[in-house]
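So the structure is just underneath, and the comments pick up after that.
Chains as they are written, first to last, in the working numbering: chain A, 8 to 303; chain B, 174 to 484.
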């Protein structure tokens, strides 16, 4: 019979009739991804080219100015960002990791209050950052009377990145298989001993990756600081947690807001510094993940 | 402990011999850490509610929602909120038109077509795009995209700050959100569905579009809703490239202030505490918070629902 005498492979059968359409679809998908990547490339090249002329030591040795773009720098922004990030790391990382341990290891997920905590965290992760600025302004700066200080900025930004830290730390803890815990408990360890000696050491690479990504989000954030008095020209480095401050992204925003062209060059140079810091942090995070990721 | 007591009840020696207060203490500390997130929400609501109530005791709801002139910082002030709502919706719409097709296509490619090698290279690059600070996107929109659009499409008569390039860049900003969350949803679709489709003679494209995408639909919708909420609340891009002028207009070539841009403008100025412009910040903040909160809630519920299907 003719029907039986012409066997075809599954692949031929599958692509029968629409090879051109299939190809076009694939190309369309690939170019969508490519557009996003090319865009990122263009952004990096353009900023580097714009800012190249101002990428000299004056940039980090001098204080900002809105009169003399040719000698203005971003030192107070760099120091302000360092202060904010150090304090944020001290406050947000321990709190976030402890909360993640509670939610993964102790919380009974059927209880209503644990459900509320979970729903609340996923909601907070998507609250616009400017609303956190309102929280900082209304509660921390005014009601607690912390004023427009490094402390206010650090608490505000800690609350902003807290959901991100919790969500990524939970994922890392969840990736540790239950058999590790059961083995430890079977040998007589208490629940906390199990967590401290088995679960946490196994999940540290994942937690570190998430923490670095959360801190890099905090470094790039500008909107909340607009509400916290950091938008004014600050020509000194913070001297302590009760000092007023500015941060690098806001310094950039200030330069962009100036009408003279030289300030845009200065902004581009400052962006290169900001992006360089973030790229290094991102690379470390991705490297950590690839290097220490364990397949159980 | 005496030996006979143990011998009398052998099962008891395995049970907890004494309460471990340290363990209870640790659990309490962990719970407190988890409650910080609840305190944050309470703090946000508290910060918003009181000044908002005070605001509406001075400005009526009819004035707020019933007129189309916005200028709380002007003299005489005007409190018709529609211009900044319309601007927010318009910029969000432009962003969604950019981000949904590109993000979804990138997600289908990464989940269905890409080899593991390509995926390993592309996903970190998308993560880097997600990590670019929004102030950088704003700078790029103002100094690169707007002049380029003016050059290419002179008939649009773009103002130097305009909703179009702000919206385009907000769109680029949310591509990674749409792409990575939709890809998660598609990867979670069981392989049996794909194999069934291939076995019925469907091609790869048909399988992707008619089987995988519908199966992951609720996850994709959740991703898009989350992206919309991100776009609506985005501040720095719209403040830099979209401007602060609030005129009631639909023309994307015009300068227009969104709700977030207004908050940024009024908040970075020196509105004195207790004054009407100061309270307006909180009233607009409440509106923005309620809008994004509602969208986030819907998105979270959809993810929950879709998880139930495939686990």
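Ideal placement from N, C-alpha and C gives every residue a C-beta, glycine not left out.
So, helix, strand or coil for residue i, using DSSP?
{"i": "residue 84/A", "result": "helix"}
{"i": "residue 405/B", "result": "helix"}
{"i": "residue 210/B", "result": "helix"}
{"i": "residue 288/A", "result": "helix"}
{"i": "residue 152/A", "result": "coil"}
{"i": "residue 69/A", "result": "coil"}
{"i": "residue 300/A", "result": "coil"}
{"i": "residue 115/A", "result": "coil"}
{"i": "residue 157/A", "result": "helix"}
{"i": "residue 265/A", "result": "coil"}
{"i": "residue 137/B", "result": "No statement about residue 137/B is possible, as the shown extent of chain B runs from 174 to 484 and does not include it."}
{"i": "residue 282/B", "result": "helix"}
{"i": "residue 441/B", "result": "helix"}
{"i": "residue 176/B", "result": "Below a pLDDT of 50, predicted positions are generally treated as unreliable, and residue 176/B, at 44, falls in that range; no measurement from the model is reported."}
{"i": "residue 28/A", "result": "helix"}
{"i": "residue 74/A", "result": "coil"}
{"i": "residue 243/A", "result": "coil"}
{"i": "residue 357/B", "result": "helix"}
{"i": "residue 313/B", "result": "helix"}
{"i": "residue 418/B", "result": "coil"}
{"i": "residue 191/B", "result": "coil"}
{"i": "residue 324/B", "result": "helix"}
{"i": "residue 90/A", "result": "helix"}
So, is residue i buried or exposed, given that buried needs 16 or more other C-beta atoms within 10 angstroms?
{"i": "residue 460/B", "result": "buried"}
{"i": "residue 270/B", "result": "exposed"}
{"i": "residue 138/A", "result": "buried"}
{"i": "residue 120/A", "result": "exposed"}
{"i": "residue 212/B", "result": "exposed"}
{"i": "residue 54/A", "result": "buried"}
{"i": "residue 320/B", "result": "exposed"}
{"i": "residue 473/B", "result": "buried"}
{"i": "residue 487/B", "result": "Residue 487/B falls outside the range modelled here, since chain B spans only 174 to 484, and no answer is possible."}
{"i": "residue 266/A", "result": "exposed"}
{"i": "residue 201/B", "result": "exposed"}
{"i": "residue 313/B", "result": "buried"}
{"i": "residue 135/A", "result": "buried"}
{"i": "residue 227/A", "result": "buried"}
{"i": "residue 10/A", "result": "Unreliable positioning characterises residue 10/A in this predicted model, as indicated by a pLDDT of 43, which lies under 50. The coordinate reading is nonetheless provided below. That one is exposed."}
{"i": "residue 464/B", "result": "buried"}
{"i": "residue 452/B", "result": "buried"}
{"i": "residue 184/B", "result": "In this prediction, residue 184/B has a pLDDT of 48, which is less than 50 and means its spatial position is unreliable; nothing more can be read from the coordinates."}
Within a Cβ cutoff of 6 Å, which residues of the same chain sit near residue i, ignoring the five residues on either side of it in sequence?
{"i": "residue 94/A", "result": "161"}
{"i": "residue 215/A", "result": "295"}
{"i": "residue 358/B", "result": "389, 392 and 393"}
{"i": "residue 210/A", "result": "179, 180 and 183"}
{"i": "residue 279/B", "result": "352"}
{"i": "residue 242/A", "result": "70"}
{"i": "residue 187/A", "result": "205"}
{"i": "residue 254/B", "result": "237"}
{"i": "residue 340/B", "result": "264, 267 and 268"}
{"i": "residue 177/B", "result": "Confidence in residue 177/B is poor, its pLDDT being 45 and thus under 50, which makes the residue's placement unreliable; the coordinate value appears in the next sentence. So no residue of the chain qualifies."}
{"i": "residue 288/A", "result": "219 and 223"}
{"i": "residue 476/B", "result": "395"}
{"i": "residue 342/B", "result": "310, 314 and 410"}
Ignore the nearest five residues each way along the sequence and tell me which others in residue i's own chain have a CB closer than 7 Å to its CB.
{"i": "residue 165/A", "result": "95, 98 and 99"}
{"i": "residue 258/A", "result": "71, 81, 84 and 277"}
{"i": "residue 360/B", "result": "284"}
{"i": "residue 223/B", "result": "none"}
{"i": "residue 213/A", "result": "178, 179 and 182"}
Which partner residues of residue i appear in the DSSP bridge assignment?
{"i": "residue 251/B", "result": "244/B"}
Quick one: measure Cβ to Cβ for residue i and residue j, integer angstroms, because I've assumed they're closer than 8 Å.
{"i": "residue 307/B", "j": "residue 407/B", "result": "6 Å"}
{"i": "residue 311/B", "j": "residue 413/B", "result": "3 Å"}
{"i": "residue 230/A", "j": "residue 437/B", "result": "6 Å"}
{"i": "residue 157/A", "j": "residue 219/A", "result": "Incorrect: roughly 22 Å between the Cβ atoms, too far for contact."}
{"i": "residue 233/A", "j": "residue 140/A", "result": "6 Å"}
{"i": "residue 131/A", "j": "residue 170/A", "result": "4 Å"}
{"i": "residue 232/B", "j": "residue 252/B", "result": "5 Å"}
{"i": "residue 457/B", "j": "residue 432/B", "result": "5 Å"}
{"i": "residue 92/A", "j": "residue 222/A", "result": "6 Å"}
{"i": "residue 142/A", "j": "residue 226/B", "result": "The pair is not a contact, with the Cβ atoms about 17 Å apart (cut-off 8 Å)."}
{"i": "residue 173/A", "j": "residue 128/A", "result": "6 Å"}
Under 8 Å Cβ to Cβ from residue i, same chain only, skipping five residues before and after it: list those, please.
{"i": "residue 380/B", "result": "285, 367, 370 and 371"}
{"i": "residue 248/A", "result": "90, 94, 156, 157, 158 and 161"}
{"i": "residue 322/B", "result": "329, 331, 337 and 338"}
Quick check: is the beta carbon of residue i nearer than 9 Å to any beta carbon in chain E?
{"i": "residue 100/A", "result": "No chain E is present in this structure, whose protein chains are A and B."}
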